[in-house]
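Scroll down for the structure; my scribbles are underneath it.
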Amino acid sequence: MAASSRAFLSIASRRSATKSSSSRILSLASAEPSELQIDDDAVTAVCNSLRRRHTWETLSKELNSINLTSSLVRRVLLNLKDTSNATKALNFFHWSGKSARFNHGVLTYCITIHILAKARLVKDAKALLESVLTKPGNSDVFTVLDSLLESYESIDSVPFVFDLFVQVCSKLRLLDRAFDVCKCLDENGFLLSVVSYNTLLHVLQKSKNHRMVWDVYGHMIAKRVNPNQTTVETMVSALCKEGRLQWFVDLVGRIHGKRCGPGVVVNTRLIHGMIEDGRTEEGLVLLKRMLQKNMIVDTVSYSLVVFAKVKMGDLDSVWNTVDDAIVLAREMEKVDMKPLLETFNSLLKGCSNSGRVNESLGFCKKMVQIGYVPSPWAFNVMTEKLCKNGMAKEADQMLTVLLDKGFVPDENAYYHLLAGHAKEGDIEGALKLYYEMEYRSISPNSSCFTWLIIGLCKAGRLSEAEKFLCLMKARSLTPSSDLCKLLISCHLEKGDQSRADQLYREMI
Numbered sequence: 001m002a003a004s005s006r007a008f009l010s011i012a013s014r015r016s017a018t019k020s021s022s023s024r025i026l027s028l029a030s031a032e033p034s035e036l037q038i039d040d041d042a043v044t045a046v047c048n049s050l051r052r053r054h055t056w057e058t059l060s061k062e063l064n065s066i067n068l069t070s071s072l073v074r075r076v077l078l079n080l081k082d083t084s085n086a087t088k089a090l091n092f093f094h095w096s097g098k099s100a101r102f103n104h105g106v107l108t109y110c111i112t113i114h115i116l117a118k119a120r121l122v123k124d125a126k127a128l129l130e131s132v133l134t135k136p137g138n139s140d141v142f143t144v145l146d147s148l149l150e151s152y153e154s155i156d157s158v159p160f161v162f163d164l165f166v167q168v169c170s171k172l173r174l175l176d177r178a179f180d181v182c183k184c185l186d187e188n189g190f191l192l193s194v195v196s197y198n199t200l201l202h203v204l205q206k207s208k209n210h211r212m213v214w215d216v217y218g219h220m221i222a223k224r225v226n227p228n229q230t231t232v233e234t235m236v237s238a239l240c241k242e243g244r245l246q247w248f249v250d251l252v253g254r255i256h257g258k259r260c261g262p263g264v265v266v267n268t269r270l271i272h273g274m275i276e277d278g279r280t281e282e283g284l285v286l287l288k289r290m291l292q293k294n295m296i297v298d299t300v301s302y303s304l305v306v307f308a309k310v311k312m313g314d315l316d317s318v319w320n321t322v323d324d325a326i327v328l329a330r331e332m333e334k335v336d337m338k339p340l341l342e343t344f345n346s347l348l349k350g351c352s353n354s355g356r357v358n359e360s361l362g363f364c365k366k367m368v369q370i371g372y373v374p375s376p377w378a379f380n381v382m383t384e385k386l387c388k389n390g391m392a393k394e395a396d397q398m399l400t401v402l403l404d405k406g407f408v409p410d411e412n413a414y415y416h417l418l419a420g421h422a423k424e425g426d427i428e429g430a431l432k433l434y435y436e437m438e439y440r441s442i443s444p445n446s447s448c449f450t451w452l453i454i455g456l457c458k459a460g461r462l463s464e465a466e467k468f469l470c471l472m473k474a475r476s477l478t479p480s481s482d483l484c485k486l487l488i489s490c491h492l493e494k495g496d497q498s499r500a501d502q503l504y505r506e507m508i
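Using UniProt numbering, read the sequence shown as starting at 1 and increasing by one per residue.
Right, dumping it as structure tokens:
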């Protein structure tokens, strides 16, 4: 019994000792300040010193014992995020970086930039943005942008910070990245101001990056950022540098019947360029938005729609496309609008390539009536198709009308007409075109001589064919083997074996 009592007392004693020891350990632990408590005290000490507006020297003395960690610096800045403390936050940022030799990372830069932008300390915010974007190791613009986006809510920041970011990127001529930033911010729901777009446009047009300046302007309109006077002036300068300002001024004037404001000219250039680049659907969506905002006149927009309809066509869908364009063009005539010259050129090509050569010829005549002449390219396409359809005479008559209007045909136009007349057996018409080429100092190519000789052979005028063969060789143009065989055959039919043998020897 006594032994049991002693054992019990021994166990109780050990438990009591263990409990007493644990209590002492817990007591000691609670007496030691935690790391979080140390940070809290340090943050409070730093903020109090800053609020007393101490000099950097005094700050360094008071805070000498504090070890500045990334976590502590961020917490101090977050404690100073109110606009009333913005200058204190900036002071701490610079003091910690210089006097305390703390190496600021992208995040502490961005937190400070948010605070400054929120307080509208624009100059200081831009200075820090320039610093972080040019700091070694921070060359990736999107590293900084991501940090700005991530820290945005913790600072209760304002969208204005992203305007400053784009403006600084533009100033530093980070142009490709600046445009990517604009698109990224749009995706994240931040709408940039017209001032930011103007800054980027200004630098782009100075850099002669013609393509991107129009891409940025189009993006700006698409995002419903309305251009102001500065925007229009910048885009007019871009048009000047392209050397196309007068061309578009004249174009809009011809369509509308009178001069339009520079904004209409600029917007016409934008949509016209998008259609030319094959971005037709995108251009038409933008055109609709411009019409809703009265940024372009109805007459010009109607012409651009016709131009777009034709441009959208390909070999499979050209029939419907041309039909749509024809309907639209006829509607325009009813309200006395003049379609774009390029629209008529496209209509000539579209109708011709779809086999509707009579309508193509009709549009060409309509062009002449309203004071236009087709481009050599459009006329050549139409002429080629007319001649292939046995309408060389009609194409030739159209050329006569156009020549009186100042049209200057090239050698391809004459080739198609000459070949067409020769195929149809009209050798006099072909010869007339040849002499007209000589008169206009347009050198006939090998194909022109070939068709002329073929036509003369078919007409039984072999001596004249030989004359043109000699002319062809004198101009260092080599006749094809098929042409030589035709001449040999014609001489044999005439019974001239000697000349046939001579041509054969020359051919081999």
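Note that beta-carbon positions come from the ideal geometry of N, C-alpha and C, so glycine has one too.
Predicted model, so just to flag it, every value in this text is computed and none were measured.
Quiz item: Between L456 and A422, what straight-line distance do the alpha-carbon atoms span, to the nearest angstrom?
Solution: 8 Å
Exercise. Decide if C110 is buried, meaning its Cβ has at least 16 other Cβ atoms within 10 Å, or exposed.
Key: buried
Quiz prompt | Three-state secondary structure assigned by DSSP to H104 | solution = Under the three-state reduction of DSSP, H104 is assigned to coil, being neither helix nor strand.
Quiz item: Using CA coordinates, which residue listed in E233, M437, E466 is at the minimum distance from L486?
Solution: E466
Quiz item: Beta carbon of V252, beta carbon of C260: below 7 Å?
Solution: One thing to note: V252 has its Cβ within 7 Å of the Cβ of C260.
Exercise. Buried or exposed for D396, please, with buried defined as at least 16 other CB atoms from any protein chain shown within 10 angstroms of its CB.
Key: buried
Quiz item: How would you label D124, buried or exposed, when you count the other beta carbons within 10 angstroms and need 16 or more for buried?
Solution: buried
Exercise. Could you tell me if the beta carbon of G273 falls within a distance shorter than 6 Å of some heavy atom in the ligand ZN?
Key: This structure does not include the ligand ZN; it has no bound ligands of any sort.
Self-check item: L469, DSSP secondary structure in three states
Solution: helix
Quiz prompt | A430 beta carbon less than 7 Å from that of L452 | solution = yes
Quiz prompt | Beta-carbon proximity of L185 to F162, cut-off 7 Å | solution = yes
Practice problem: Please say whether L191 and residue 514 have beta carbons closer to each other than 7 Å? | Solution: No answer is possible for residue 514: the residues shown for the chain start at 1 and end at 508.
Quiz item: Ends of the alpha helix (DSSP H) at E233?
Solution: 229-242
Practice problem: Identify whether residue 514 lies in helix, strand or coil by the three-state DSSP scheme. | Solution: For the chain, the structure presents residues 1 to 508; residue 514 sits outside this window and is missing.
Quiz item: Should L503 and C490 be called a contact, given that it needs their Cβ atoms to be closer than 7 Å?
Solution: no
Self-check item: Spatial distance of N67 from V106 (CA atoms)
Solution: Rounded to the nearest angstrom, the two C-alpha atoms are 20 Å apart.
Practice problem: Go through its chain and collect everything with a Cβ distance to S346's Cβ below 7 Å, but skip five positions before and after it. | Solution: F307, V310, K311
Quiz prompt | the stretch 236-247 / the stretch 204-215 touching (three or more Cβ pairs under 8 Å) | solution = yes
Quiz item: Below 8 Å, can you find three or more Cβ-Cβ pairs linking the stretch 414-428 to the stretch 384-404?
Solution: yes
Quiz prompt | CA-to-CA distance, S151 to D41, given in whole angstroms | solution = 24 Å
Quiz prompt | Rounded straight-line distance, which links the Cα of D180 to that of A329 | solution = Straight-line spacing of the CA atoms in A329 and D180 works out to 39 Å.
Practice problem: Using alpha carbons as the reference points, say which of T69, G371, T383 lies closest to V357. | Solution: T383
Quiz item: I think V158 touches A117, with their Cβ atoms under 8 Å apart; what is that distance to the nearest whole Å?
Solution: Indeed they touch by this definition, with Cβ atoms about 6 Å apart.
Exercise. Under the assumption that G283 contacts I271 (Cβ atoms under 8 Å), give the Cβ distance between them as a whole number of angstroms.
Key: 5 Å
Exercise. Leaving aside the five residues before and after V168 along the sequence, list all residues of the same chain whose C-beta is less than 6 Å from its C-beta, in chain order.
Key: Within its own chain, the residues whose Cβ lies closer than 6 Å to the Cβ of V168, once the five positions on either side in sequence are excluded, are K126, L129, E130, listed in chain order.
Self-check item: For I155, the three-state DSSP class (helix, strand or coil)
Solution: For I155, the three-state secondary structure derived from DSSP is coil.
Practice problem: Starting from L128, trace the alpha helix (DSSP H) both ways and give me its first and last residue. | Solution: Element bounds for L128: 122-134.
Self-check item: Bounding residues of the alpha helix (DSSP H) (the contiguous stretch that carries G420)
Solution: 411-423
Self-check item: Pairwise C-alpha distance: D404 and V203
Solution: When rounded, the distance between both Cα atoms is 47 Å.
Quiz item: With burial defined as no fewer than 16 other Cβ atoms inside 10 Å of the residue's Cβ, what is the status of S476: buried or exposed?
Solution: exposed
Quiz item: The alpha helix (DSSP H) with R356 in it runs from where to where?
Solution: Here R356 belongs to no alpha helix (DSSP H), and DSSP marks it neither H nor E.
Quiz item: Any idea what DSSP makes of I370, helix, strand or coil?
Solution: coil
Self-check item: Within 7 Å, strictly: CB atoms of G420 and C470
Solution: no
Quiz item: For the candidate residues Q369, F344, S84, K81, whose alpha-carbon lies nearest to that of F379?
Solution: The shortest C-alpha separation from F379 is found at F344.
Exercise. Helix, strand or coil for V335, going by three-state DSSP, please let me know.
Key: The answer is coil: DSSP assigns V335 none of H, G, I, E or B.
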